[in-house]
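Participant: Quick one: this structure, given as structure tokens, is what I'll be asking you about.
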Amino acid sequence: MSSVAAGEASSETMLALAAEWVPPLRERSAEIDRLRQLPQDLADALAADGFYRTLVPPELGGLGLPPAVVAEISEVLAMGNASAAWCVFIGATSQFTFAALEPSLLDEVLTNPDVITAGVFAPSGRAVPAPGPDGSAGYAVSGHWVFASGSHNAEWISGGVRICDSDADAASDPAADAAELDDAAVGHPPTLGRAFFRPEEIDLHDDWFTSGLRGSGSSSFDAHDVWLPAPRVACERAILSSPYAAEPLYRMPLFGLLALPIGAIALGMARACINEVIAIAHEKVPQGSRRTLGQRPALQTAVAVADVEVRAARNLLYASVEAAWERAQHGLSDLELRRDLRTATTHAVQTSLRVIGSMNSAAGGTAVFEASPLQRHLRDVQTASAHFMVAMPVMELAGRTYFDPDADTSGL
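Positions 5 to 416 (this note's numbering) are the ones given, in order, by the sequence shown.
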């Protein structure tokens with residue numbers, strides 16, 4: 005039984021729960037990194053506390069929290085362990101599409117109300133119509149998906165697909181996928197969808213060997229002509245005709261919503277590093293000195309600068325998401341809102357990358373050991389900053405809109 009019932013958890017309750025998770029996540033960080041995935045008991049407990057259901061409408065068994073609260077939950081969890089926060093955000097955004105599922109599949113997925121899901125939105129697969137052994141409608145699905153964070157813990161793993169009309173269509177130029185994904189971002193009906201797999205139906209590879217976010221288990225997976233019944237290939241456009249299409253959550257800028265937790269996770273790591281340096285500096289007496297590190301003006305300045313940079317980036321991020329959420333209440337979105345949310349998120353990540361680097365430098369030799377939270381956060385934020393949703397090309401695209409009225413803004 006779920007410890008957090010659908011629709012009953014307030015924002016305050018979930019944020020308090022997230023804060024309670026910080027110490028145990030921090031204590032088990034070495035184990036998480038060593039396993040290169042979340043220990044199953046941790047993933048199950050996070051699911052039981054409702055963290056994977058934050059973006060699901062209460063009518064579908066979720067908590068239906070506002071995006072700003074979901075971001076803040078990610079931020080708090082990341083203060084304990086960024087890989088855990090990452091897996092939770094991937095699970096939550098993959099369940100965001102539950103509104104597009106047919107009732108028969110939804111009932112199957114929600115047999116376990118605390119179901120853990122994972123998935124990759126990129127349309128890296130093909131779904132071709134094919135009858136099942138009993139003649140029932142379905143699809144043969146093939147593809148290769150990368151960065152499938154949290155998949156080692158999941159009961160259901162989804163992969164973005166191009167829904168094809170025939171084998172000939174399936175053999176077409178893969179570049180068409182990118183164009184259709186752009187169409188999806190601006191509201192045109194795409195032929196894109198998500199295929200929902202059981203773990204035993206795919207080849208989940210053990211290939212996540214990285215410097216950072218080691219515990220996210222962001223492995224790649226393949227499917228080779230896996231037959232799925234028709235309801236298990238959900239067309240993304242189904243959200244537009246679902247009973248939840250008018251809900252504010254589904255009127256938020258899609259790419260902005262998907263990227264938002266990455267910025268929040270980075271800010272959580274940055275704040276944790278500032279706190280860690282302050283704690284170290286109260287006690288550490290550097291070699292050749294009679295004063296603690298915290299008594300040095302250079303350290304005091306570095307901490308103050310880091311603090312104000314994080315607070316400024318955080319205020320911008322949450323102001324941007326609140327502005328988008330306010331407009332979503334009225335079914336509205338525009339280029340400025342989409343641009344502001346994406347740039348604020350990217351700025352949060354880039355600021356956190358800089359701050360965490362400065363805090364590692366400020367701590368000196370204390371930070372070079374793998375056991376140091378400072379070292380772990382540095383590796384994790386470097387890896388997070390490589391995600392294409394928060395990389396510097398986002399700023400390039402946003403900047404183009406100020407000079408080219410015909411710029412392709414579908415990527416925002």
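Even for Gly, the Cβ is constructed at its ideal location relative to N, Cα and C.
In this text, all values refer to a predicted model and were calculated from it rather than measured experimentally.
Please classify G123 as buried or exposed, where buried requires at least 16 neighbouring CB atoms within 10 angstroms.
Facilitator: In the sequence shown, counting from the first residue as 1, residue 123 sits at position 119. Label assigned to G123: buried.
Participant: Quick check on the DSSP output: the alpha helix (DSSP H) that includes G267 runs from which residue to which?
Facilitator: On the sequence shown, position 263 is the one that residue 267 refers to. Taken as a continuous stretch (DSSP letters only), the alpha helix (DSSP H) holding G267 covers 258-287.
Participant: Quick one: what's got a C-beta closer than 6 Å to N364's C-beta in the same chain, skipping five residues either side?
Facilitator: As a working note, residue 364 is residue 360 in the sequence shown. Excluding residues within five positions, the ones whose Cβ falls inside 6 Å are A371, L378, L382.
Participant: What's the gap between the Cα of S362 and the Cα of A20?
Facilitator: Against the sequence shown, residue 362 aligns to sequence position 358. Against the sequence shown, residue 20 aligns to sequence position 16. Cα-Cα distance, rounded: 29 Å.
Participant: Report the start-end ranges of each beta strand (DSSP E) in the segment 68-153 that is 3 residues or longer and not cut off at the edges.
Facilitator: Within the segment 68-153, the complete beta strand (DSSP E) runs of at least 3 residues are 121-133, 142-152.
Participant: Where do the N-terminal and C-terminal ends of the alpha helix (DSSP H) with D37 fall, by residue?
Facilitator: Locating residue 37 in the sequence shown gives position 33, counting from the first residue. Segment 33-39, the alpha helix (DSSP H) holding D37.
Participant: Among the residues of its own chain, which have a CB less than 7 Å from the CB of D177, if the five just before and after it don't count?
Facilitator: The count along the sequence shown starts at 1 and reaches residue 177 at position 173. Note that D177 scores a pLDDT of 46, beneath 50, so its modelled location is shaky; the value from the coordinates is reported in the next line. Cβ within range, chain order: n/a, list empty.
Participant: Just to confirm before moving on: does the CB-CB distance between A22 and Y322 stay below 7 Å?
Facilitator: Within the sequence shown, the letter at position 18 stands for residue 22. Within the sequence shown, the letter at position 318 stands for residue 322. Going by C-beta atoms, A22 is not nearer than 7 Å to Y322.
Participant: Quick check: the Cα distance between D207 and T296, rounded to an integer number of angstroms?
Facilitator: The residue you call residue 207 lines up with position 203 of the sequence shown. The residue you call residue 296 lines up with position 292 of the sequence shown. Computed Cα separation, rounded: 53 Å.
Participant: In three-state DSSP terms, what is S15?
Facilitator: Working through the sequence shown from its first residue, we reach residue 15 at position 11. In this structure, S15 counts as helix in the three-state DSSP scheme.
Participant: In whole angstroms, give me the CA-to-CA distance for R218 and A86.
Facilitator: Reading the sequence shown from its first residue, position 214 is the one you call residue 218. Reading the sequence shown from its first residue, position 82 is the one you call residue 86. Rounded to the nearest angstrom, the two C-alpha atoms are 9 Å apart.
Participant: Assign V312 to buried or exposed, taking buried as 16 or more other Cβ atoms, counted over all protein chains shown, within 10 Å of its Cβ.
Facilitator: Counting from 1 along the sequence shown, the entry for residue 312 is found at position 308. V312 should be labelled exposed.
Participant: Run the CB neighbour count on P257, radius 10 Å, all protein chains shown included, and call it buried at 16 or more, exposed below.
Facilitator: Position 253 of the sequence shown, counted from the start, is the residue given in the question as residue 257. Classification of P257: buried, given that the 10 Å Cβ count is 16 or more.
Participant: Less than 7 Å separating the beta-carbons of S146 and H209?
Facilitator: Translated into positions along the sequence shown, residue 146 becomes position 142. Translated into positions along the sequence shown, residue 209 becomes position 205. Contact flag unset, no.
Participant: When the distance is taken between beta carbons, is S246 closer than 7 Å to A158?
Facilitator: Here the question's residue 158 lines up with position 154 in the sequence shown. Here the question's residue 246 lines up with position 242 in the sequence shown. Cβ atoms of A158 and S246: not closer than 7 Å.
Participant: Distance check for L109 and A97, CA to CA, integer angstroms please.
Facilitator: Numbered from its first residue, the sequence shown carries residue 97 at position 93. Numbered from its first residue, the sequence shown carries residue 109 at position 105. Position check: residue 97 holds Thr in this sequence, whereas Ala was assumed. Rounded to the nearest angstrom, the two C-alpha atoms are 18 Å apart.
Participant: Below 8 Å on the Cβ atoms is my contact criterion, and I expect P265 with V74 to pass it. Report the Cβ-Cβ distance as a whole number of Å.
Facilitator: To locate residue 265, count along the sequence shown from 1; it is residue 261. To locate residue 74, count along the sequence shown from 1; it is residue 70. About 7 Å separates the two Cβ atoms, so the contact holds.
Participant: Going by C-alpha to C-alpha distance, which of L39, Q99, D45, R300 sits closest to P62?
Facilitator: Counting from one through the sequence shown, the residue named residue 62 turns up at place 58. The candidate whose alpha carbon is nearest that of P62 is Q99.
Participant: Is the Cβ-Cβ distance between G95 and F125 less than 7 Å?
Facilitator: What you label residue 95 is simply residue 91 of the sequence shown in a count that begins at 1. What you label residue 125 is simply residue 121 of the sequence shown in a count that begins at 1. No; because the gap between Cβ atoms is not below 7 Å, this pair is not in contact.
Participant: Among residues of its own chain, excluding the 5 on either side of T387, which ones have a beta-carbon nearer than 8 Å to its beta-carbon?
Facilitator: Start at 1 with the first residue of the sequence shown, and residue 387 comes out as number 383. So the list reads T214, S215, G216, L217, once near-sequence residues are dropped.
Participant: Does P62 come out as helix, strand or coil in the three-state DSSP assignment?
Facilitator: On the sequence shown, residue 62 is found 58 positions in, with the first residue counted as 1. Note: P62 maps to helix in three-state DSSP.
Participant: From D344, G368, A390, T355, pick the residue whose C-alpha is nearest to that of Y406; which is it?
Facilitator: Taking the sequence shown and counting its residues from 1, one reaches residue 406 at position 402. For the residues D344, G368, A390, T355, the minimum Cα distance to Y406 belongs to D344.
Participant: Helix, strand or coil for E24? Go by DSSP, reduced to three states.
Facilitator: Mapped onto the sequence shown, residue 24 falls at position 20. Three-state result, E24: helix.
Participant: Taking the straight line between their C-alpha atoms, what separation do you get for A230 and R255?
Facilitator: Position 226 of the sequence shown, counted from the first residue, corresponds to residue 230. Position 251 of the sequence shown, counted from the first residue, corresponds to residue 255. Reading the sequence as shown, one finds Val at residue 230 and not Ala. Taking the straight line joining both Cα atoms gives about 33 Å.
Participant: Assuming I167 contacts A134 (C-beta within less than 8 Å), just tell me the rounded distance between them.
Facilitator: Numbered from 1 along the sequence shown, position 163 holds the residue referred to as residue 167. Numbered from 1 along the sequence shown, position 130 holds the residue referred to as residue 134. The Cβ separation is near 12 Å, so there is no contact.
Participant: Using the beta-carbon count (16 or more within 10 Å), is P137 buried or exposed?
Facilitator: Locating residue 137 in the sequence shown gives position 133, counting from the first residue. With fewer than 16 Cβ atoms within 10 Å of its Cβ, P137 is classed as exposed.
Participant: Near T359, which residues of its chain fall below 8 Å by C-beta distance, leaving aside the five closest residues on each side in sequence?
Facilitator: The residue given as residue 359 occupies position 355 in the sequence shown. It is worth fixing the name first, because residue 359 is Val in this sequence and not Thr. Answer for V359: A274, C277, I278, A310, E313, V314, listed in chain order.
Participant: Is it buried or exposed, E240, if we count other Cβ atoms within 10 angstroms and call 16 or more buried?
Facilitator: By one-based count along the sequence shown, residue 240 stands at place 236. E240 should be labelled buried.
Participant: Whose CA, out of L253, S155, N319, A242, lies closest to the CA of G197?
Facilitator: Within the sequence shown, residue 197 is the residue found at index 193, counting from 1. Comparing Cα positions, the closest option is A242.
Participant: Here's the rule I'm using: 16 or more other beta-carbon atoms within 10 Å means buried, otherwise exposed. How should A477 be labelled?
Facilitator: Residue 477 lies beyond the stretch modelled for the chain, which goes from 5 to 416, so this question has no answer here.
Participant: What three-state label does DSSP hand R166 in the structure shown?
Facilitator: Counting from one through the sequence shown, the residue named residue 166 turns up at place 162. In this structure, R166 counts as strand in the three-state DSSP scheme.
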